[in-house]
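A.B. asks: Here you go, one structure.
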Amino acid sequence: MTALLEVQNLKTHYRLGGWLSRRRLLRAVDGVTLTLKSQQTLAVVGESGSGKTTLGRTILRLVGPTDGRIILDGQDISRLSQARLRPLRRRMQIVFQHPYASLNPRKRVGQIVAQPLRVHRVPGDHRRQVGELLERVGLSASAAKHYPHEFSGGQRQRIAIARALALRPDLIVLDEITSGLDVTVKLRVLALLRELQAEFHLAYLFISHDLSVVRTVSDRVAVMYLGRIVEEAPTEALFERPLHPYTQVLKASIPEPAARGNWNPPVLVGDAPSPVNVPPGCRFHPRCPLAQAVCREVEPELRELAPAHRVACHLAEAPPHFYPHPPHPHPPHPPLSPSGGEDKGEGEDR
Numbered sequence: 013m014t015a016l017l018e019v020q021n022l023k024t025h026y027r028l029g030g031w032l033s034r035r036r037l038l039r040a041v042d043g044v045t046l047t048l049k050s051q052q053t054l055a056v057v058g059e060s061g062s063g064k065t066t067l068g069r070t071i072l073r074l075v076g077p078t079d080g081r082i083i084l085d086g087q088d089i090s091r092l093s094q095a096r097l098r099p100l101r102r103r104m105q106i107v108f109q110h111p112y113a114s115l116n117p118r119k120r121v122g123q124i125v126a127q128p129l130r131v132h133r134v135p136g137d138h139r140r141q142v143g144e145l146l147e148r149v150g151l152s153a154s155a156a157k158h159y160p161h162e163f164s165g166g167q168r169q170r171i172a173i174a175r176a177l178a179l180r181p182d183l184i185v186l187d188e189i190t191s192g193l194d195v196t197v198k199l200r201v202l203a204l205l206r207e208l209q210a211e212f213h214l215a216y217l218f219i220s221h222d223l224s225v226v227r228t229v230s231d232r233v234a235v236m237y238l239g240r241i242v243e244e245a246p247t248e249a250l251f252e253r254p255l256h257p258y259t260q261v262l263k264a265s266i267p268e269p270a271a272r273g274n275w276n277p278p279v280l281v282g283d284a285p286s287p288v289n290v291p292p293g294c295r296f297h298p299r300c301p302l303a304q305a306v307c308r309e310v311e312p313e314l315r316e317l318a319p320a321h322r323v324a325c326h327l328a329e330a331p332p333h334f335y336p337h338p339p340h341p342h343p344p345h346p347p348l349s350p351s352g353g354e355d356k357g358e359g360e361d362r
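With this note's numbering applied, the sequence shown covers 13 to 362.
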């Protein structure tokens with residue numbers, strides 16, 4: 013299976029401050045390299061502020077890269093003008109985190125879903141195409157007549173997915189799309205994404221902070237911390253044997269059913285350093301209880317220590333798991349509910 017997307021040493025920096033204050037550099041994305049194959053799902057996980065959302069938007073050229081290369085199906089798009097980029101936008105779409113903000117409240121759903129068809133002058137009956145898209149994501153065609161505020165959060169996210177599908181893209185960036193949904197609705201949305209991926213041969217860049225969700229949908233996982241990838245591996249390899257201390261903490265924060273009320277999630281000391289003031293050496297060392305002198309002085313390179321398993325840690329050859337799980341194994345994939353239905357009665361999702 014060939015690579016659909018290649019990102020090479022990608023950087024997105026912002027200059028802060030003005031003539032009255034000292035100018036500073038915010039390193040939102042700071043040297044990311046990754047590959048996404050056609051029809052696969054790569055999850056990017058990390059805490060808030062890790063740079064994962066900026067990474068997704070930079071890959072789609074919604075944000076201009078400072079340096080590095082973005083290669084889509086063999087073509088470098090990192091420096092293309094907006095005019096030359098326009099035809100390629102049909103091949104890459106995004107579903108944003110907040111469906112309440114990403115859908116224009118003044119437009120009917122039919123207008124929202126049809127907008128990409130109009131902008132890119134797709135031939136055919138747009139009304140019919142919109143109806144088919146809405147039905148495919150589990151809504152009725154009559155939803156096209158209504159406004160976004162008439163729908164629940166889960167239904168709005170389905171509308172956003174339908175809009176992203178309108179141009180039949182090859183790549184969809186999914187930015188925290190299950191955040192704020194209750195468990196039942198979340199599982200239905202994830203099941204829908206799997207079905208659509210198989211039907212339309214989609215590749216997903218799945219951005220999330222929730223590792224329990226990531227494990228159910230992804231083929232590979234990249235863990236991001238303070239603008240950089242600190243570990244990347246096939247999903248099951250990363251969950252079975254995380255090599256970076258930060259990944260171990262993220263994994264240990266997933267509730268364990270066998271704990272029966274005795275589960276105490278780990279808590280890292282302090283907050284993540286600011287991307288404006290990146291610490292020397294390993295970026296994780298101020299919060300890592302295993303940090304040694306070399307960690308404070310030398311930034312580790314992202315190295316392949318097992319087949320397709322890369323990690324940036326000086327101690328990764330024999331990683332001490334300082335937050336071990338109980339000895340029972342995780343199921344490889346929690347069962348997903350059927351994707352159908354219109355997510356009625358979804359509690360917190362409303």
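Note that CB positions come from ideal geometry on N, CA and C, so glycine has one too.
1) Rounded to whole angstroms, what is the Cα-Cα separation between P181 and R103?
2) I need the boundaries of the alpha helix (DSSP H) containing Q209, first residue and last residue.
3) What's the call for G76, buried or exposed, on a 16-neighbour Cβ count within 10 Å?
4) What do you reckon, are the CB atoms on R175 and P246 nearer than 9 angstroms?
5) Specify, as a first and last residue, the run of the alpha helix (DSSP H) that L145 falls within.
6) How big is the Cα-Cα spacing for E18 and P285?
7) How big is the Cα-Cα spacing for S224 and L72?
8) Buried or exposed: which applies to L214, given that a residue is buried once 16 or more other Cβ atoms fall within 10 Å of its Cβ?
9) So, helix, strand or coil for P298, using DSSP?
10) Consult DSSP for L179 and reduce its assignment to one of helix, strand or coil.
11) When you compare the segment 198-217 with the segment 31-45, are there three or more beta-carbon pairs, one atom per stretch, that lie closer than 8 angstroms?
12) Thinking C-beta only, is I106 closer than 9 angstroms to V185?
13) Looking only at its own chain, which residues have a Cβ that is under 6 angstroms from the Cβ of H256, when we skip the five neighbours before and after it?
14) Buried or exposed, going by whether 16 or more other CB atoms sit within 10 Å of the CB of R36?
15) Quick check on the DSSP output: what are the complete beta strand (DSSP E) runs of length 3 or more inside the segment 221-273, in order along the chain?
16) Going by C-alpha distance, which of L205, R69, H161 is nearest A113?
17) Which complete beta strand (DSSP E) runs does the segment 73-146 hold, if anything under 3 residues is left out?
18) If you draw a straight line from the alpha carbon of Q141 to that of D194, how long is it in whole angstroms?
19) For G68, report the span of its alpha helix (DSSP H) as first-last.
20) Apart from the five residues on each side of it in sequence, which residues of its chain come closer than 6 angstroms, Cβ to Cβ, to R308?
21) In the structure shown, what three-state DSSP assignment does R27 receive?
22) Quick check on the burial criterion: 16 or more other C-beta atoms within 10 angstroms. Buried or exposed for H132?
23) Can you tell me whether DSSP reads I219 as helix, strand or coil?
24) Is the beta carbon of G239 closer than 9 angstroms to that of A40?
25) Measure how close the beta-carbons of R130 and H138 come, nearest whole angstrom, since I'm counting them as under 8 angstroms.
C.D. replies: Looking at the atomic coordinates:
1) To locate residue 181, count along the sequence shown from 1; it is residue 169. To locate residue 103, count along the sequence shown from 1; it is residue 91. Their Cα atoms are separated by approximately 4 angstroms.
2) Sequence index remark: in the sequence shown, residue 209 carries index 197 (1-based). Looking at the DSSP string, the run of the alpha helix (DSSP H) that includes Q209 is 195-212.
3) Position 64 of the sequence shown, counted from the start, is the residue given in the question as residue 76. When all chains shown are included, G76 counts as exposed.
4) Stepping through the sequence shown from its first residue, residue 175 is reached at position 163. Stepping through the sequence shown from its first residue, residue 246 is reached at position 234. Not closer than 9 angstroms, so no.
5) Looking up residue 145 in the sequence shown gives position 133. L145 -> alpha helix (DSSP H) spans 138-148.
6) Translated into positions along the sequence shown, residue 18 becomes position 6. Translated into positions along the sequence shown, residue 285 becomes position 273. Spanning the two alpha carbons is a distance of roughly 28 angstroms.
7) Counting from 1 along the sequence shown, the entry for residue 224 is found at position 212. Counting from 1 along the sequence shown, the entry for residue 72 is found at position 60. Cα to Cα, the separation comes out at about 26 angstroms.
8) Residue mapping note: residue 214 aligns to position 202 of the sequence shown, counting from 1. Classification of L214: buried, given that the 10 Å Cβ count is 16 or more.
9) Numbered from its first residue, the sequence shown carries residue 298 at position 286. Three-state result, P298: helix.
10) Within the sequence shown, the letter at position 167 stands for residue 179. In this structure, L179 counts as coil in the three-state DSSP scheme.
11) no
12) Your numbering for residue 185 matches position 173 in the sequence shown. Your numbering for residue 106 matches position 94 in the sequence shown. Yes, the Cβ-Cβ distance between V185 and I106 is below 9 angstroms.
13) Looking up residue 256 in the sequence shown gives position 244. So the list reads V242, E243, V323, C325, once near-sequence residues are dropped.
14) Within the sequence shown, the letter at position 24 stands for residue 36. By the neighbour-count rule (16 or more Cβ atoms within 10 Å), R36 is not buried but exposed.
15) 232-237, 240-246
16) Position 101 of the sequence shown, counted from the start, is the residue given in the question as residue 113. With distances taken between Cα atoms, A113 lies closest to H161.
17) 79-84, 104-107
18) Taking the first residue of the sequence shown as 1, we reach residue 141 at position 129. Taking the first residue of the sequence shown as 1, we reach residue 194 at position 182. Between Q141 and D194, the C-alpha separation is close to 30 angstroms.
19) Within the sequence shown, the letter at position 56 stands for residue 68. In the DSSP annotation of this structure, the continuous segment of the alpha helix (DSSP H) that includes G68 starts and ends at 64-71.
20) Numbered from 1 along the sequence shown, position 296 holds the residue referred to as residue 308. Counting only Cβ-Cβ distances below 6 angstroms, and skipping sequence neighbours, we find G293, H297.
21) Against the sequence shown, residue 27 aligns to sequence position 15. R27 falls in the strand class under three-state DSSP.
22) Locating residue 132 in the sequence shown gives position 120, counting from the first residue. Classification of H132: exposed, given that the 10 Å Cβ count is below 16.
23) Within the sequence shown, numbered from 1, the residue matching residue 219 stands at position 207. In the three-state scheme derived from DSSP, where H, G and I count as helix and E and B as strand, I219 is classed as strand.
24) Your numbering for residue 40 matches position 28 in the sequence shown. Your numbering for residue 239 matches position 227 in the sequence shown. Going by C-beta atoms, A40 is nearer than 9 angstroms to G239.
25) Indexing the sequence shown from 1 puts residue 130 at position 118. Indexing the sequence shown from 1 puts residue 138 at position 126. R130 to H138, Cβ: 7 angstroms. Contact.
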